[in-house]
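**Q** Attaching a single structure in structure tokens format; questions to follow.
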Amino acid sequence: MMPLDPNKLPIHLAVIMDGNGRWAQQRMLKRIVGHQRGAETVKMVVEQSSLLGIKYLTLFAFSSENWSRPVLEIRGLMTLLKKYIRQETARMMRKNIRYNVIGNRSDLPDDVNETLDEAIRKTSGNTGMVLTLALSYGGRQELSRAAAKLAKDAIEGKISYEDIDVNIFGSYLDTGGLPDPDFLIRTSGEMRISNFLLWQLAYTELYFTETNWPDFTINELHKALADFQSRERRFGLTSDQINKRGDLSNA
Ligand code: FPP
């Protein structure tokens with residue numbers, strides 16, 4: 591495995607876990623089996639990220655658009671999610687990981703919300719990695735919810751419209767309080783963002799691999815992180831400026 595520089599890891603890693611369905615179909619298995627195998631990959635990536643010292647890990651687990659899938663698949667995914675969270679909370683406590691959720695939680699079934707609330711409450715004092723699950727999440731939906739909240743606060747006089755800037759707007763998003771992702775991994779060969787973290791990915795380094803999510807291994811994770819470490823992040827500045835301002839080159 592390639593050695594990684596512990597000082598040049600992403601602070602916030604985001605992942606679009608794609609290809610569970612194709613993985614299953616290629617093996618004549620039901621799609622839900624692909625999601626079950628995908629949940630095993632989630633365990634590995636959570637454990638590795640926390641071990642490596644990544645501070646924020648955000649996983650796209652269910653999109654706003656996924657509600658249009660066959661009812662049986664949606665039910666299977668919700669059951670899997672509940673089971674995963676219940677089973678893994680003890681491990682999260684041992685590893686000092688804190689749960690967080692983004693997305694439109696009012697669309698999720700009550701039992702899923704109860705399980706999430708319990709896990710968030712139990713892990714709320716943990717100070718290690720923050721594991722954010724994007725559930726019933728869509729970037730455009732999040733942006734329009736934030737705009738509606740801002741408009742309400744402006745009408746109620748809690749904020750003046752003249753004060754709205756990038757920082758204030760960002761604080762109204764579901765991710766308010768989280769830094770923007772430094773690195774995004776998407777599996778299964780699709781090269782698009784698919785309505786994930788539209789605002790937050792403005793300067794994120796993107797990484798795509800052909801591997802389907804259930805087949806994504808520790809080696810692949812390390813390979814992706816090594817690729818991240820080889821990149822120069824300029825944030826709109828020139829290479830010279832960045833080299834003079836070492837403080838930004840790892841930002
Ligand atoms: C995309 O594959 C994946 C999903 C829609 C669900 C992701 C869920 C998991 C990995 C398991 C449960 C999650 C957690 C956090 C325990 P796809 O079904 O779109 O694949 P396809 O494009 O090949 O059809």
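The sequence shown maps to residues 591 to 841 in my numbering. C-beta atoms are modelled at their ideal positions from N, C-alpha and C, and glycine is treated no differently. All figures in this text were calculated on a predicted structure; none of them were measured in a lab.
For the candidate residues 770, 797, 793 and 724, whose alpha-carbon lies nearest to that of residue 782?
**A** Counting from 1 along the sequence shown, the entry for residue 782 is found at position 192. That would be 797, whose Cα lies nearest to the Cα of residue 782.
**Q** Which residues does DSSP list as the beta-bridge partners of residue 606?
**A** Walking along the sequence shown from the start, residue 606 turns up at place 16. Per DSSP, 650 and 776.
**Q** Buried or exposed: which applies to residue 618, given that a residue is buried once 16 or more other Cβ atoms fall within 10 Å of its Cβ?
**A** As a working note, residue 618 is residue 28 in the sequence shown. Exposure of residue 618 is indicated by the presence of fewer than 16 other C-beta atoms within 10 angstroms of its C-beta.
**Q** Locate the alpha helix (DSSP H) running through residue 674, then write down its first and last residues.
**A** Stepping through the sequence shown from its first residue, residue 674 is reached at position 84. Run containing residue 674: 661 to 684, per the alpha helix (DSSP H) assignment.
**Q** Would you call residue 608 buried or exposed, if buried means 16 or more other Cβ atoms sit within 10 Å of its Cβ?
**A** Stepping through the sequence shown from its first residue, residue 608 is reached at position 18. So residue 608 counts as buried.
**Q** With which residues is residue 541 paired in a DSSP beta bridge?
**A** Because the chain spans 591 through 841 in this model, residue 541 falls outside it and cannot be assessed.
**Q** Given residue 824, which residues of its chain have a CB within under 6 angstroms of its CB, disregarding the five upstream and five downstream residues?
**A** The residue you call residue 824 lines up with position 234 of the sequence shown. Closer than 6 angstroms at the Cβ level, and outside the excluded window around residue 824, lie 832.
**Q** Measure the Cβ-Cβ separation of residue 679 and residue 709 and say whether it is below 8 angstroms.
**A** For the purposes of this step, residue 679 is taken as the residue at position 89 of the sequence shown. For the purposes of this step, residue 709 is taken as the residue at position 119 of the sequence shown. A distance below 8 angstroms separates the beta carbons of residue 679 and residue 709.
**Q** Look at residue 804 and residue 597 and say whether their C-beta atoms are less than 8 angstroms apart.
**A** Taking the sequence shown and counting its residues from 1, one reaches residue 804 at position 214. Taking the sequence shown and counting its residues from 1, one reaches residue 597 at position 7. It is not a contact, given that the beta carbons lie outside the stated cut-off.
**Q** In terms of residue numbering, what span does the beta strand (DSSP E) encompassing residue 798 cover?
**A** The residue given as residue 798 occupies position 208 in the sequence shown. From DSSP, the beta strand (DSSP E) with residue 798 extends over 795 to 798.
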